[in-house]
Structure formats: C-alpha cells, structure tokens
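Student: Counting from 1, position 67 in the sequence shown corresponds to residue 67 in UniProt numbering; the numbering is continuous, with no gaps.
I am attaching a structure below and will ask some questions about it afterwards.
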Amino acid sequence: MKTTIKYIVLPLCILLITAEGCKKDFLEQSPEATIVGQNFFKTETDIKQAVNGAYSSLNGLGNTSYWLFGEMRSDNTSYQYNATDRGQEQREFVDEFLSSATAPPIQTYWSLTYTAISRCNDVLDHLDAITMTATAKAQYSGEAKFLRAWHYFNLVQQFGGVPLRITAVQSPSDSKSAGRAAVADVYTQIVADLTSASTSLPASYTGADLGRATKGAAFALLGKVYLTQKKFAEALTALRQVTGYSLLPSYASVFDPSNKNNAESVFEIQYLGTKPELASNFLYQFAPWTSGSAVTGDPGTNLGSGNGWNIPTQDMLNAYEAGDARKDVSLGTGFIGSDGKFVNVPYVKKYNHGFVDRNRTNDDFPILRYSDVLLMMAEALNEQGFTAGGEAFTLLNRVRTRAALPDKSAGNANPLLAVNDQAAFRAAVLQERRVELAFENQRWYDLVRSGTAVTVMTAHGQREMQQFSNIPAGSYVVTANKLLLPLPQRDVTLDNLTQNPQ
Numbered sequence: 001m002k003t004t005i006k007y008i009v010l011p012l013c014i015l016l017i018t019a020e021g022c023k024k025d026f027l028e029q030s031p032e033a034t035i036v037g038q039n040f041f042k043t044e045t046d047i048k049q050a051v052n053g054a055y056s057s058l059n060g061l062g063n064t065s066y067w068l069f070g071e072m073r074s075d076n077t078s079y080q081y082n083a084t085d086r087g088q089e090q091r092e093f094v095d096e097f098l099s100s101a102t103a104p105p106i107q108t109y110w111s112l113t114y115t116a117i118s119r120c121n122d123v124l125d126h127l128d129a130i131t132m133t134a135t136a137k138a139q140y141s142g143e144a145k146f147l148r149a150w151h152y153f154n155l156v157q158q159f160g161g162v163p164l165r166i167t168a169v170q171s172p173s174d175s176k177s178a179g180r181a182a183v184a185d186v187y188t189q190i191v192a193d194l195t196s197a198s199t200s201l202p203a204s205y206t207g208a209d210l211g212r213a214t215k216g217a218a219f220a221l222l223g224k225v226y227l228t229q230k231k232f233a234e235a236l237t238a239l240r241q242v243t244g245y246s247l248l249p250s251y252a253s254v255f256d257p258s259n260k261n262n263a264e265s266v267f268e269i270q271y272l273g274t275k276p277e278l279a280s281n282f283l284y285q286f287a288p289w290t291s292g293s294a295v296t297g298d299p300g301t302n303l304g305s306g307n308g309w310n311i312p313t314q315d316m317l318n319a320y321e322a323g324d325a326r327k328d329v330s331l332g333t334g335f336i337g338s339d340g341k342f343v344n345v346p347y348v349k350k351y352n353h354g355f356v357d358r359n360r361t362n363d364d365f366p367i368l369r370y371s372d373v374l375l376m377m378a379e380a381l382n383e384q385g386f387t388a389g390g391e392a393f394t395l396l397n398r399v400r401t402r403a404a405l406p407d408k409s410a411g412n413a414n415p416l417l418a419v420n421d422q423a424a425f426r427a428a429v430l431q432e433r434r435v436e437l438a439f440e441n442q443r444w445y446d447l448v449r450s451g452t453a454v455t456v457m458t459a460h461g462q463r464e465m466q467q468f469s470n471i472p473a474g475s476y477v478v479t480a481n482k483l484l485l486p487l488p489q490r491d492v493t494l495d496n497l498t499q500n501p502q
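Here it is as structure tokens:
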C-alpha cells in the first residue's frame, strides 16, 4: 500500500510557558486578536507544515459538503427519509431546492472553504521571506495556488461572484472584504493560480509525499475551468498536458484503499483511517439508516440521522446500460434485512471497503481522474466541431471499453450506439460522465455546464414526488436563479454582501 500524506493542521499560535515566562516576557504578549504569522513562519519546515494544514482543509469538506452540494443537488442521489430522527432536515432541503440563506449546511460550506483559502494565503504571504531552495519554494507556491484555485472554483460555481481574498488576514480590521467580485474576476484569479501552479509543481512524488498536487493536477483542473467557461480550445490545450497517467484495467481497483494514488488518480483527498482526525466515513454516511450492519459490516453500527445520505435514485439506477461493469462497483441495489429479506433501498458502494474502527474508514475521495480528463478532451473536441470517427470518439470509447461496453459510432446500426451529430455526441459524453464519475461530485456541475440543469432537475423532481410521499410542497421548483445557492445570511449581513436572487 502506498504511503499517504500525513496532514498536520497549522496552529495559529504556540504559547510556551516556562520558568522564564513568569518574568517580564510573560507580560509582553502579542494581542490575541492579531494573527502573528511571523512568529511561526521561520523555516522551510514551518512552510511545509502550513501547506499540510492547507491540504487538511479538504478532509472536512470532503466528508460532507462536497457530496452534499455536488452530488445530492443532482439527479444522481437523494436521501432515505427518516421519520423518527429529523436531526438533519436541512440536508434534505439541499436535495429538494428548498435551502434558505440561513441554512447551516450552506454556512458551513462557505466558512470551511474560506478557512481553507486563508490557509493558502498564509503560505503565499510568508513564502518569500523563508530561506529554501528555489525548487522547494516553487513547489510550495504551486501547491497553495492549486488548492486556492480549487476552492474558488467550487465557490464561483455554487454562489457566482464571491469575495476574492488573496492575501492573509492579519488582524480583525482586515476581515471585511471588498464585496463580491465579478464572476469574470474570480475566474481570472483561478486561471492565474493554476497557470502558475502548472509551471512550478513537480510531475510526481514518491514516498510520504504521494498525494500532493502535481503538474498534471494543475493542468487537469485548468482544463476543467476552461471547459466550464466554454473556452474549448484553451481547455484542450491544458488537458493535453496531463501526461503520465493511464486507465487502470479494472474499474474497481481505482477506488481500492490499498491502491491509493494509482496511475489513474490525478488528485484525490487523502484520508487515513488509523487516525480519527484524518479518517473518512463515507461507508457510514451512505449506508441506509435501516440497514443495521448489513452494509457497513460493523456489528456496533448505531444508525440514525447521520446515515441514509447520497442514496442513488431510480434515475441513477436506470442510467446504466446492460452489462456496464461500473454499476456493481458503484452501487448496491439494496441489502438483506435482519429478517433475511431483500430491502429495496440502494446505496453507494464505491467507497465501501470496510472500516478501520467505529465510524472510521480509509477510503480516499477522487477529485480528478484520468478518465475524467479523457472525457473532458472528448467534450472539448466535439464542441469545436463534430467529426464522425474522429479523436473524440476514440477517447469516449476508451472509457467505455474499460467498462465492458461496445463502442459508440456514427452510423452505428444499433440506434442505442449511434452518435450521428454534434448534439448527439454532447449527450453521449454527458451520459458517459454520469456513470463513469457517479458519486464523485461531478454530476451537478456537468448539468449546469451543459445548460441542462433546469430541464433535467425539474423532470427528476416530478418523478421523485410521485415516488415519495414525504417530499414537502414546493420542492424541486428549479429555475435559473436556483442554480446558484443563496449566500449565507450571516456573511451577507456582516460583510454587506449582495444576496443572490432566489
């Protein structure tokens, strides 16, 4: 098993009280309201520790916020209603497009993301003053800029224009932002960060550094950013720079915790099940709350409002073609109850590899994979012009071949495999991305980027309301305004921000 990166959370200050501390120095402390970064950032080791702290922000976001807003807002997943435990009703509202500006999940997502950005800014603001090799300095700068770009990319897609903070906050007087930046300005900063990162990050790592951002990760994310902006030529140029990766022969082995940071992994959130603060818990959160230990395999499982999330929808189950090898790896169609009978409640299997200890698992979470890169390249090529039998088809079918599915082609005698024009290829790529990247928090962003979110989610909502009686009135009223989340009301008030129309 490859060694995963060990993340260390950066302390804001370290107070050492010794016998000498009882003298004059004890009375000459810096104000607690001021972050005195200069007292911490003195050596290269301090910088690396700070970078590790920036990575650690991904762990908390990955355990809930990323899938809640990237997957459950889509037609891929929903939740298992729990009438006896209503402790997580606000998560249900996210799925049903009922979230308000005061919703705790939105506030949490926003706050954690800006905390993560602040950690990146701390690194970048102090980097130049520390003595180290030019290579090391370039790497740490690239890592911080990659992570900052990733966070801003999530924010701008979910909220639109957001406050653009690119320097560290040194005191309370710095905490107020300049207001919401224009969407174009946020993207300009993202592109600048990723362009810089792509020139300074190494192509690969070894040993304990496996899992850090690489040159390939920066180019892959840059390609996705350009694709989202519909800059297809620029996207293709960036994506062609993602080299040194390959599809694994087995789809299942991509997600195996014993095979972390494999040849297909471009970037993944690193979790370590042996340490409580670094462990993942998707196995538990995605298990139906009525499943006992049937899904988790943990005889001590105590399931309630923290379980039954990200449940695959009937729409998702229907999305797989017959014979698709990815379906059984990605989801279970149900489980055997305590009475020995099959219970028809699906669940995500992709991160189900057992537990290390109660509520702690060792599964990483994929952010960028090489199959994602191939499908983005196919999309970019098609958007520049449809070519029957061209490179876009080759890329699409490479992903399908691994899934044990036949090729799609122009003029195919099988109408289910025929892709005869640009619009049909666009739909084929969107469909392939859905099943290849299922439960990897890509679907919502794909729907919005493709301009199909309102239509798809309105139809999906109608089917959900017909299937389930617990869904509140007014759910799934999906409009163009609803494609953006409301900004958290606390920050709107304190920072004098303009709210998104709902």
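All C-beta atoms, glycine included, are put in the ideal place defined by N, C-alpha and C.
Given the structure is predicted, the values throughout are model-derived calculations rather than measurements.
Please return the same chain residues whose Cβ sits closer than 7 Å to the Cβ of R358, not counting the five positions on each side in sequence.
Tutor: D298 and G300
Student: Alpha carbons only, please: which of T387, I311, T43 and Y55 is nearest the one belonging to A424?
Tutor: T387
Student: Would you kindly work out how many angstroms separate the C-alpha atoms of Q80 and R443, rounded to a whole number?
Tutor: 20 Å
Student: Inspect the CB distances between the stretch 208-216 and the stretch 241-261 and report whether three or more fall short of 8 Å.
Tutor: yes
Student: Given V399, which residues of its chain have a CB within under 7 Å of its CB, disregarding the five upstream and five downstream residues?
Tutor: S371, L374, L375, E432 and E436
Student: How would you write the range of the alpha helix (DSSP H) that F146 sits in, first residue to last?
Tutor: A134 to F159
Student: Nearest CA to the CA of A120: which residue from L497, S57 and Y347?
Tutor: Residue identity differs from the one stated: residue 120 is Cys in this sequence, not Ala. Looking at the Cα atoms, S57 is the closest of the given residues.
Student: Does the stretch 185-199 come close enough to the stretch 246-262 to have 3 or more Cβ pairs within less than 8 Å?
Tutor: no
Student: What number of angstroms, rounded off, separates the C-alpha of L210 from the C-alpha of I367?
Tutor: 15 Å
Student: Among residues of its own chain, excluding the 5 on either side of F146, which ones have a beta-carbon nearer than 8 Å to its beta-carbon?
Tutor: D193, L194, A197, L201, A213, A217, A218 and L221
Student: Are the Cβ atoms of A50 and D122 separated by less than 8 Å?
Tutor: yes
Student: Going by C-alpha to C-alpha distance, which of I47, R73, A54 and N59 sits closest to L485?
Tutor: Comparing Cα positions, the closest option is R73.
Student: CA-CA distance, Y347 and V191?
Tutor: 37 Å
Student: If distances are taken between C-alpha atoms only, which option among T452, G474, S280 and I471 comes closest to K351?
Tutor: The residue asked about is misnamed: residue 351 is Tyr in this sequence, not Lys. Checking every option, the nearest Cα to that of Y351 belongs to S280.
Student: Comparing alpha-carbon positions, which option in E321, G332, Q314 and Y476 lies nearest A294?
Tutor: G332
Student: Are the stretch 265-283 and the stretch 413-429 in contact at 8 Å, needing three or more beta carbon pairs?
Tutor: Remark: fewer than three beta-carbon pairs, one from each stretch, lie closer than 8 Å, so the stretch 265-283 and the stretch 413-429 are not flagged as touching.
Student: When DSSP labels each residue in this structure, what does A418 get in the three-state scheme?
Tutor: strand
Student: Any contact between the stretch 91-111 and the stretch 489-501? By contact I mean 3 or more CB pairs, one from each, below 8 Å.
Tutor: yes
Student: Find the nearest neighbour of I166 within the set S409, F159, P172 and H151, judged by alpha-carbon distance.
Tutor: H151
Student: Let me make sure I understand the geometry here. Which of R434, N307, K482 and P415 has the alpha-carbon closest to that of L396?
Tutor: R434
Student: Is the beta carbon of N82 sitting closer than 8 Å to the one on S305?
Tutor: The answer is yes: Cβ separation under 8 Å.
Student: Leaving out five residues before and five after V343 in sequence, what residues of the same chain have Cβ atoms less than 6 Å from its Cβ?
Tutor: G334, F335 and G337
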